[in-house]
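In what follows, a single structure is set out as structure tokens and then discussed.
2 protein chains.
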Amino acid sequence: MKAAPAKSRLGSRGRPEESRAAILQAAIQEFARDGVAGARTDAIARAAKVNKALLYYYFKDKETLYGAALDYAFSQLKDHMMQILDRDLPPGEKVRTYVATYFDFLADHKVNRDLVQREMMRAGHGSPHLQRIAKNYFQPLFLRLGQVIHAGIASGEFRSVDPLHFVPSMIALVVFYFTSAPVMKTVTGFDPLSPERVAERRAAVLDFISAALFRHEGERR
Amino acid sequence: MKAAPAKSRLGSRGRPEESRAAILQAAIQEFARDGVAGARTDAIARAAKVNKALLYYYFKDKETLYGAALDYAFSQLKDHMMQILDRDLPPGEKVRTYVATYFDFLADHKVNRDLVQREMMRAGHGSPHLQRIAKNYFQPLFLRLGQVIHAGIASGEFRSVDPLHFVPSMIALVVFYFTSAPVMKTVTGFDPLSPERVAERRAAVLDFISAALFRHEGERR
DNA sequence: ATAATCTAACTAACTGGTTAATTAACGAGA
DNA sequence: TCTCGTTAATTAACCAGTTAGTTAGATTAT
């Protein structure tokens, strides 16, 4: 049953899984806050309450640790969203549920969204993780979403939008609100991240997307 | 008449304005590519073909130089967009022109959009430039855009959207496409930044926004 | 005893920033 | 117009603090 030896990870073999996990979580936090270039390995070690050399015991180098942080964040996001896509729902409901769920996920996972956003920026200037991330996490979601939209168009429920543009547009509406929140707070004086504003935004996004996606009465094609 | 002494900035007083400008432009490039944390002052000096000490002659420190880079990029953007807002156009045309112009500007100014995006991320974790940037550049644009939208609603041309959400949504649709381009290229296999795709996206964004903004026949309110 | 886990102390390279000296444009006086 | 001191512009060399990564040894479960 391997009873947990209380606390004190001191000494050795005091639960390696836990040490590795602590490092990974600390890394996620630091990388999300400061980026790969800005994050400090010393700070990660300190936050994980572990000697810095242990980072290099579990991970080859900073870049590899960053890659592991990305995998954690992206697979968490993918798993969460795939659940929605697996549901048996009509296209319109599925898209709306997807957007709502994605919105809620980002609202609740600041670290995740920061990390993802940071990596998207880095991808533009050559990230060694781009290929892996895109293929493993984004592509599956993107393909499935594309199918849903095509189904909606075929059934006449949707306008004949191009998924290649519509999908990024949906994501943009959700993601960008959080990205721009600090600036918007200064500009407007209101806190865009307060529960009320977030709820409002959720509704606005769904409204915006619905207006752009669903066919209106008397519309051609 | 001060005839330009050909080249050779060597020696001294070989046109200070030019040195300063060279440093600033180099800084903009480097900061856009690598962020504040990732950019190297040595690299900036090298790119500007200037001794590193000269950076500190014209700018207090790295952070100040970064601030100057931000001011350059943001004011360039603001000036460009204000021209549109100053035109005498009906609300619908003005919004569409604004979005199209913004889109074209970002398509043509990769460095600018990278710098802006990076600063938005940084704002979330306390940037010393946030206040200034928000007040000087974003707020004026935001207020003017809000007025245009209110006018469109009042005239019955627009649905009664909330500018506080609609404006960020518009910006999101334009900005995010470029942010996600590298990832989308890997996911889809197509290059989202090819002239044809960019033109397509421009049309898609205008379509998306129009569909969400303009009132449709037989709509309540 | 052995091998996995973990740490204190160290290092080599890098990085932002400084210093002291050098160069040349400018202007005042001879 | 020539000369020379003053001052802005510019640089080579340097420095102290930081940073990713290493090493050699300690700890402990089995």
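Residue numbers (the numbering used here), protein chains in the order written: chain A, 12 to 232; chain B, 12 to 232. Don't be surprised by glycine CBs; every beta carbon is placed ideally from N, CA and C. Keep in mind that this is a model prediction, so the values were computed, not measured.
Distance check for residue j and residue i, CA to CA, integer angstroms please.
i	j	result
His136 of chain A	Arg44 of chain B	7 Å
Arg143 of chain A	Ala214 of chain A	34 Å
Ala14 of chain A	Ala37 of chain A	At Ala14 of chain A, the pLDDT of 33 sits below 50, so the modelled position is not reliable and the matter cannot be decided from this model.
Ile182 of chain B	Tyr69 of chain A	42 Å
Val185 of chain B	Pro203 of chain B	13 Å
Asp218 of chain A	Glu29 of chain B	51 Å
Ala118 of chain A	Gly103 of chain B	32 Å
Lys60 of chain A	Ala33 of chain A	8 Å
Ala80 of chain B	Arg98 of chain A	48 Å
Ile160 of chain B	Arg208 of chain B	29 Å
Glu228 of chain A	Ala222 of chain A	12 Å
Ile55 of chain B	Lys146 of chain A	35 Å
Thr75 of chain B	Arg26 of chain B	22 Å
Tyr11 of chain B	Arg107 of chain B	Residue numbering for chain B in the displayed model covers 12 to 232; residue 11 of chain B lies beyond these limits and cannot be assessed.
Arg57 of chain A	Gly163 of chain A	51 Å
Ser166 of chain A	Val216 of chain A	23 Å
Glu211 of chain A	Pro179 of chain B	13 Å
His120 of chain A	Pro101 of chain A	28 Å
Lys313 of chain A	Arg155 of chain A	Past the boundaries of the shown model lies residue 313 of chain A; chain A is included only from 12 to 232, so the question cannot be answered.
Lys18 of chain A	Ile220 of chain A	Confidence is the limiting factor: at Lys18 of chain A the pLDDT is only 35, short of 50, which leaves the residue's position unreliable, though a coordinate-based value still follows. Cα-Cα distance, rounded: 50 Å.
Thr199 of chain B	Thr190 of chain B	15 Å
Arg150 of chain B	Lys71 of chain A	Note that residue 150 of chain B is Gln in the sequence shown, not Arg. Whole-angstrom Cα-Cα distance: 46 Å.
Quick one: residues in its chain with C-beta nearer than 7 Å to the C-beta of residue i, no 5 flanking neighbours on either side, listed in chain order?
i	result
Thr52 of chain B	Lys63, Leu66, Lys73
Ile39 of chain A	Ala80, Tyr83, Ala84, Val122, Leu126
Arg232 of chain B	Any answer about Arg232 of chain B is weak, because its pLDDT of 48 lies below 50 and its placement is not dependable; what the coordinates show is given next. So the qualifying residues of the chain are Ser171.
Pro139 of chain A	Glu74
Leu35 of chain A	Ala79, Ala80, Tyr83
Phe201 of chain B	Arg208
Ala50 of chain B	Glu41, Phe42
Excluding sequence positions up to five away, which residues of its chain have a Cβ less than 6 Å from the Cβ of residue i?
i	result
Tyr77 of chain A	Phe42, Val47
Gly157 of chain B	Pro174
Ser86 of chain A	none
Tyr10 of chain B	One cannot answer for residue 10 of chain B here, as it falls past the ends of chain B, which runs 12 to 232.
Arg124 of chain A	Leu117, Phe189
Leu141 of chain B	Ala134
Arg31 of chain B	Tyr69
Pro206 of chain A	none
Gly22 of chain B	Per-residue confidence for Gly22 of chain B stands at a pLDDT of 49, beneath the threshold of 50, marking its modelled position as unreliable; the derived number appears in the next sentence. Within the same chain, Gly22 of chain B has no close Cβ partners at all.
Going by beta carbon distance, what residues of the same chain come within less than 8 Å of residue i, once the five residues before and after it are set aside?
i	result
Leu152 of chain A	Lys89, Met92, Met93, Leu96
How is the alpha helix (DSSP H) around residue i delimited, first residue to last?
i	result
Lys196 of chain A	192-199
Gly78 of chain A	73-97
Arg143 of chain B	141-144
Asp125 of chain A	121-134
Leu66 of chain A	63-69
Gly49 of chain A	27-49
Ser166 of chain A	Premise fails: Ser166 of chain A is in no alpha helix (DSSP H) and is neither H nor E.
Leu217 of chain A	206-224
Ala59 of chain B	It is not in any alpha helix (DSSP H) - Ala59 of chain B carries neither H nor E in the DSSP assignment.
Hey, residue i and residue j are a contact pair by Cβ (cut 8 Å); roughly how many whole angstroms apart?
i	j	result
Arg226 of chain B	Phe169 of chain B	6 Å
Val172 of chain A	Leu224 of chain A	7 Å
Count the CB pairs spanning the segment 110-124 of chain B and the segment 91-98 of chain B that are closer than 8 Å, and state whether there are at least three.
Segments in contact, yes.
So does the segment 118-138 of chain B actually touch the segment 187-197 of chain A, counting three or more Cβ pairs closer than 8 Å?
Counting C-beta pairs with one atom in each stretch, the segment 118-138 of chain B and the segment 187-197 of chain A have three or more that are closer than 8 Å, which means they touch.
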